[in-house]
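**Q** The sequence shown begins at -14 in the numbering used here and counts up one residue at a time. In this text, a Cβ means the ideal position worked out from N, Cα and C, and glycines have one as well. There's a structure below that I have some questions on.
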Amino acid sequence: MAASQVDLTAEAAELIRELTAQHGPLMFHQSGGCCDGSAPMCYPVGELLLSEADHLLGELHVEGLAPVQVWMARDQYAYWSHTHLTIDVVPGRGSGFSLETPTGRRFLTRSRLMTEAD
């Protein structure tokens, strides 16, 4: 796998810790615009079936937890391949499909163009 195209903020790491304690190991799938715009959707590992139509962007590393994989549909990745994504947390309710919905916080993806250093 190439260098990771994803990272997370300290706030996202803390929410991932909380959700892991409740639901076990987690994964993300970057939504392509359905349901909650282009929000990162958080699921227990194995709840969302992946296929060859999905692309692994990278893994998020939260101290003390198993790596959290971040996926995106391959056709969407064709448009986002030049970006680096950071998963963050903001106040508010996200989609009913993502695990953080009841917490009053939601995951949000911040993006920037990749650099030579990436």
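Beta carbon of Ile72, beta carbon of Leu(-7): below 7 Å?
**A** Ile72 is a Cβ neighbour of Leu(-7), given a cutoff of 7 Å.
**Q** Compare the beta carbon distance of Ser16 and Met26 with 7 Å and say whether it is the shorter of the two.
**A** yes
**Q** Could you spell out where the alpha helix (DSSP H) holding Ala104 opens and where it closes?
**A** Lying before the first or after the last residue shown, residue 104 is absent from the chain, which here runs from -14 to 103.
**Q** I need the DSSP call for Gln15, collapsed to helix, strand or coil.
**A** strand
**Q** Which partner residues does Arg95 have in the DSSP bridge list?
**A** Thr71
**Q** For Gln(-10), does the count of other Cβ atoms within 10 angstroms reach 16, so buried, or fall short, so exposed?
**A** buried
**Q** Check whether the Cβ atoms of Ala63 and Pro10 lie closer than 7 Å to each other.
**A** no
**Q** Classify Gly31: buried if its beta carbon has 16 or more other beta carbons within 10 angstroms, exposed otherwise.
**A** exposed
**Q** Where does Pro52 fall in DSSP's three states?
**A** coil
**Q** Arg59 by DSSP, collapsed to three states: which one?
**A** Under the three-state reduction of DSSP output, Arg59 falls in the helix class.
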